[in-house]
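Please read the structure below before turning to the comments.
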Amino acid sequence: MTRTTTSPGETEALAAELAERLATGDVVTVSGELGSGKTTFVRGACHGLGVDGPVTSPTFTIGHRYRGRNVDVSHLDLYRFRGLSAAEWGDLEPYFDDAIVFVEWPEAGEDALPPPRFAVRIEHRGSDSRFVSIDEC
Ligand code: ADP
Ligand code: MG
Numbered sequence: 001m002t003r004t005t006t007s008p009g010e011t012e013a014l015a016a017e018l019a020e021r022l023a024t025g026d027v028v029t030v031s032g033e034l035g036s037g038k039t040t041f042v043r044g045a046c047h048g049l050g051v052d053g054p055v056t057s058p059t060f061t062i063g064h065r066y067r068g069r070n071v072d073v074s075h076l077d078l079y080r081f082r083g084l085s086a087a088e089w090g091d092l093e094p095y096f097d098d099a100i101v102f103v104e105w106p107e108a109g110e111d112a113l114p115p116p117r118f119a120v121r122i123e124h125r126g127s128d129s130r131f132v133s134i135d136e137c
């Protein structure tokens, strides 16, 4: 499905809709250029899943793991990676244990990550407009 959103709140609400369909073990990749709204999307999904408190970009850490209402939610950002070594995958693996996982900049992990259940792509469409596509894989 595709949708154009016109505010961060709309992108968060769309993500929360998707979150209702997710279960433990599901991986969701979130692609798009810097500032397109990937972290905003993950924030909306996390809040939909009952994570309270701030959901911020893990760009300078390997990831975050949050406790939701019924499930844990992991948020990874592979921006800094060019492929994943066995050691790097070893650091990431615990985030996939018993959690729903959102991965920003998934390109580096293509060969190493578990297959995603949904692939989200976000594109700038001028000012606060974003074109969001969500594909079930
Ligand atoms: P990324 O993680 O892709 O780098 P962020 O979610 O961190 O992007 O930042 C997106 C920026 O764009 C935020 O400042 C957000 O407020 C702004 N923004 C404006 N309109 C939208 C929209 N429709 N959807 C998502 N973010 C939007
Ligand atoms: Mg981000």
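The C-terminal residue of the sequence shown carries number 137 in our numbering, and the numbering is unbroken. We put the beta carbon where it would ideally sit given N, CA and C, even for glycine.
Helix, strand or coil: how does DSSP classify Y79 here?
coil
Sufficient close CB pairs (3 or more, under 8 Å) joining the segment 69 to 79 to the segment 114 to 122:
no
Sequence-distant residues of the same chain with beta carbon closer than 7 Å to R65, five excluded per side
D72, S74, Y95, A99
Tell me the DSSP secondary structure of F96 in three-state form.
helix
Is the distance from the Cβ of I122 to the Cβ of G37 below 8 Å?
yes
Jot down the residue ranges of each uninterrupted alpha helix (DSSP H) in the segment 25 to 77, minimum 4 residues, whole runs only, in chain order.
38 to 48
Which class does T11 belong to by DSSP, given the choice of helix, strand or coil?
helix
Apart from the five residues on each side of it in sequence, which residues of its chain come closer than 6 Å, Cβ to Cβ, to H124?
S36
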